[in-house]
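Participant:
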Amino acid sequence: MSRPKHAGARLLAAILPVAGLAGLWATSDRAYNAGTEWEVPIQGYDPRDFLRGHYVEFGYDWPGIDEFSNLPLEALCLEGAAPSLARVGPISADAPCRGARVRADGSGVYGWEALTRGRLYIGQERAAQLQEQLQNRDQRGIVTIRQREDGSFTPVAIRFRPLTPAEIAERDAQSERAEDTRPPPAIMSQ
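So the sequence shown is numbered by our numbering: it starts at 2 and just counts up by one.
(1) Please classify G142: is it buried, with 16 or more other beta-carbons within 10 angstroms of its beta-carbon, or exposed?
(2) Return helix, strand or coil for A15, following the three-state DSSP convention.
(3) Taking all protein chains shown into account, do 16 or more other C-beta atoms lie within 10 angstroms of the C-beta of A170, making it buried, or fewer, making it exposed?
(4) Report back the beta-carbon spacing between G90 and C78 to the nearest angstrom; my notes put them in contact at under 8 angstroms.
(5) Just to confirm my understanding: we take L52, look at its own chain, exclude 5 residues before and 5 after, and list those with CB closer than 7 angstroms. What are they?
(6) Only counting runs of 4 or more residues, tell me where the alpha helix (DSSP H) segments fall wholly within the stretch 123-172, in order along the chain.
(7) Within this structure, are the beta carbons of F161 and Q140 separated by less than 8 angstroms?
(8) Could you tell me the distance, in whole angstroms, from the CA atom of A179 to the CA atom of L121?
(9) Answer yes if the stretch 92-99 comes into contact with the stretch 113-120, meaning at least three C-beta pairs across the two stretches below 8 angstroms, and no otherwise.
(10) Select from Q44, A35, P18 the residue whose C-alpha is nearest the C-alpha of I159.
(11) In three-state DSSP terms, what is S93?
(12) Give me the residue from G124, Q125, P163 with the minimum Cα distance to R138.
(13) So, for E168: in the same chain, excluding its five sequence neighbours on each side, which residues have a beta-carbon less than 7 angstroms away from its beta-carbon?
(14) Classify A27 as buried or exposed, calling it buried when 16 or more other Cβ atoms lie within 10 Å of its own Cβ.
(15) Is it true that the CB of I123 sits closer than 8 angstroms to the CB of V57?
(16) The beta strand (DSSP E) with P42 in it runs from where to where?
(17) State the DSSP-derived secondary structure class of R202, mapped to helix, strand or coil.
(18) Please state whether DSSP places E80 in a helix, a strand or coil.
(19) For S176, which three-state DSSP category applies?
(20) Can you grab the Cα-Cα spacing for the pair A76 / T155, in whole Å?
Have a look at this one:
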């Protein structure tokens, strides 16, 4: 007669860990999918170097910030109506923000550089397609990020659009400025 009690305890012992794992997965999935999605332009990728295995690396091209080199970025205040990002402004981690806030996470892949660099994991079947799109200089990469209430964010998708005439003119002007700053070629004589 004591056998059915042991069978029930064994069954419960087998089901309880599975139920716990299912609960953890559901909580994690809900947290990942919660938040507001924003579309952020990206820059500075080189597919020969940055398409590695199952992820693509990129630099964020936040509208409103031209240069990151001199800014110690802790957080950014996003302005616009999601998903359209009008502009961003650098703020300190505890400063008020009328828009949505994103912050660097020191424990992430890029640590405190997470506001300047990103990584999006992709499926292997999409790698060849992305390789081709990343090489096209007449396209603009756009990454969709999911921003959560605590300021953390995650890249979730990437897409491309043709450059506007203004973007083409700016790209060409930057190329010309870069050429103008190069020293003239040295003439070697023997």
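Just so you know, even glycine gets a beta-carbon here, dropped at the ideal spot from N, CA and C.
Facilitator: With the given structure in hand:
(1) buried
(2) helix
(3) exposed
(4) 5 angstroms
(5) Residue confidence for L52 is low, a pLDDT of 49 falling below 50, so the modelled location carries little weight and cannot support an answer.
(6) 125-136
(7) yes
(8) 30 angstroms
(9) no
(10) Q44
(11) coil
(12) P163
(13) R141
(14) exposed
(15) yes
(16) 37-44
(17) Given a span of 2 to 191 for the chain in the structure shown, any question on residue 202 remains unanswerable.
(18) strand
(19) helix
(20) 14 angstroms
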